[in-house]
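Residue numbers (this note's numbering): 372 to 933. Since the structure comes first, as structure tokens, the remarks are kept for the end.
Listed below in structure tokens is the structure:
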């Protein structure tokens with residue numbers, strides 16, 4: 372009878388052990404699931420903490436970029452302006468006009484946030500993040516990295532960003548609807564980006580029809596132009612990457628003959644034309660054949676959702692609500708010099724504190740006619756304020772002649788011709804830039820012809836740290852061999868074959884001509900535009916239009932989660 376009782380005890384103990392194992396297994400499984408859930412929750416919270424940092428500083432970076440581009444808040448660095456960005460020197464988070472040590476990149480890296488806390492809807496901390504900004508080797512491209520942490524779990528997200536401003540002064544050529552006459556052809560060489568608005572009523576018209584030696588290149592070397600390099604700061608005498616792109620809003624391009632749009636060894640950044648590949652035609656062979664002879668890093672249709680329009684003097688001026696560009700120039704000129712054509716004498720406006728209080732006779736004599744030629748006679752329309760600041764302008768003949776322009780000078784109702792090789796002195800306050808505007812009066816006149824070279828006077832500074840901006844309501848004709856300036860022509864900018872403009876062109880129509888007093892455009896001429904960005908040293912009359920027409924591109928090129 373004792374034997375069965377022993378078996379019962381063993382069975383009972385076995386059952387208890389089995390139950391204990393089941394209970395422990397259930398407990399362990401539950402705990403494991405809780406640990407996994409907790410880890411998953413922590414991982415998700417760490418990811419969202421990292422994402423919060425990325426989104427916050429992506430937004431802040433774009434807002435800061437727009438502010439610095441609009442205000443010129445980044446000071447002139449004195450270095451290269453190639454692929455210029457207002458963020459090149461750093462990010463002026465304090466918006467005080469200076470880059471503090473903590474606002475500058477260190478070995479290409481800047482810490483934007485260190486262990487910032489993320490809270491839930493109830494205000495309870497759920498994680499933290501650290502954000503760094505990395506300046507990549509490609510100009511205007513940055514990588515934003517955010518590292519999140521929550522309860523020991525870690526996550527990392529990063530985005531590569533493109534920040535650029537395809538505004539008129541950031542391109543070699545910014546052309547309007549007049550470019551549908553397709554004079555960007557023949558042997559012209561453009562070193563830098565091109566933006567063409569085109570004609571929305573004629574999107575099937577070619578705006579570039581090239582069967583010759585037309586080139587759009589992404590580099591320059593000023594030693595190829597002889598003495599021209601001596602008028603440019605050393606940091607800007609050579610560029611291997613101009614961040615050049617071709618954008619055509621309305622119209623087509625045709626690529627043929629010996630045309631080069633980019634090169635296999637130095638491609639342009641992008642070619643974005645009309646409706647895409649259907650608007651890029653031609654027969655160029657043996658080079659970049661997969662993209663129809665266009666050597667580019669990206670190709671497709673016009674890519675800007677809010678594109679800049681071609682500035683006009685009657686359009687927004689950027690100096691006050693409801694004011695036109697013309698009004699902005701006039702108001703600024705009245706603080707320096709404004710001359711309006713009249714009979715028998717012109718009307719002059721300048722500050723009442725100016726010394727002398729009235730213009731010298733040579734100034735009145737020069738502008739007694741609507742056709743003004745600066746040649747063998749001295750013209751003095753300058754003055755000095757009690758503070759010692761100069762205003763107006765003065766022309767001194769010589770070989771070469773000297774043209775001094777202080778502030779913004781507006782000439783209304785005149786056609787102006789610079790007959791000789793000229794060296795300019797441009798100054799506004801302490802800044803080495805100034806503006807010369809040649810405007811119409813009642814639709815008449817408003818043309819500028821430059822028959823000799825027009826370059827900065829070297830002792831006063833080199834381009835682009837020394838800049839004279841030209842605003843011409845109608846046509847600007849460059850007959851001289853070299854010119855260094857950012858220019859605007861509301862009508863046509865003409866340049867004679869073999870000549871070189873160093874700076875930028877904003878014109879409704881760009882065209883080349885053969886030698887002589889040509890009034891028509893002609894294909895096959897080998898003139899050049901070499902884009903040298905004036906960076907933060909933009910003349911004020913051109914700033915007005917650039918701020919209004921400029922658009923700010925903020926593209927996420929890639930996104931990665933780790």
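Glycine is no exception: its CB is placed at the ideal position from the N, C-alpha and C atoms.
In whole angstroms, what separates the C-alpha of residue i from that of residue j?
i	j	result
residue 461	residue 794	34 Å
residue 611	residue 836	20 Å
residue 860	residue 748	27 Å
residue 500	residue 531	18 Å
residue 667	residue 864	27 Å
residue 637	residue 589	7 Å
residue 382	residue 389	10 Å
residue 372	residue 385	At residue 372 the pLDDT is 48, less than 50, meaning the model places this residue with poor confidence and gives no usable figure here.
residue 777	residue 811	21 Å
residue 543	residue 870	15 Å
residue 571	residue 553	15 Å
residue 605	residue 741	41 Å
residue 451	residue 521	44 Å
residue 644	residue 670	8 Å
residue 686	residue 827	30 Å
residue 533	residue 420	24 Å
residue 380	residue 391	16 Å
residue 684	residue 696	5 Å
residue 494	residue 416	15 Å
residue 575	residue 649	10 Å
residue 708	residue 477	45 Å
residue 581	residue 509	30 Å
residue 799	residue 805	6 Å
residue 715	residue 732	14 Å
residue 467	residue 751	39 Å
residue 662	residue 647	11 Å
residue 758	residue 677	45 Å
residue 498	residue 488	6 Å
residue 726	residue 700	23 Å
residue 934	residue 883	Coverage of the chain is limited to positions 372 through 933, which leaves residue 934 absent and any answer about it impossible.
Where DSSP assigns a beta bridge to residue i, which residues make up the other side?
i	result
residue 752	764
residue 840	806
residue 909	Note: residue 909 sits in no beta bridge, so no partner.
residue 812	815
residue 631	586
residue 902	874
residue 603	834
residue 481	504
residue 682	Answer is none; residue 682 lacks a bridge partner.
residue 641	616
residue 525	520
residue 919	Residue 919 is not bridged to any residue.
residue 579	624
residue 780	708, 807
So is residue i in contact with chain C if we call contact Cβ pairs under 8 Å?
i	result
residue 853	No chain C is part of this structure, which consists of one protein chain only.
Look up residue i in the DSSP assignment and say whether it is helix, strand or coil.
i	result
residue 736	helix
residue 726	strand
residue 574	coil
residue 493	coil
residue 424	helix
residue 429	helix
residue 328	Look at the range of the chain in this structure, 372 to 933, and you will see that residue 328 is not part of it.
residue 513	strand
residue 926	strand
residue 775	strand
residue 795	strand
residue 499	strand
residue 415	helix
residue 624	strand
residue 668	coil
residue 386	helix
residue 636	coil
residue 716	coil
residue 559	coil
residue 701	helix
residue 462	coil
residue 456	coil
Measure the beta-carbon distance from residue i to residue j and round it to whole angstroms, keeping in mind my assumption that it falls under 8 Å.
i	j	result
residue 569	residue 622	4 Å
residue 675	residue 633	Not really, about 20 Å apart at Cβ, beyond 8 Å.
residue 625	residue 526	Contact flag wrong, Cβ pair sits at about 50 Å.
residue 765	residue 775	5 Å
residue 880	residue 550	6 Å
residue 934	residue 603	Any question about residue 934 goes unanswered here, given that the chain covers just 372 to 933.
residue 808	residue 779	7 Å
Which whole runs of the beta strand (DSSP E) in the segment 848 to 900 are 3 residues long or more, in chain order?
-> You should have 853 to 867, 871 to 884.
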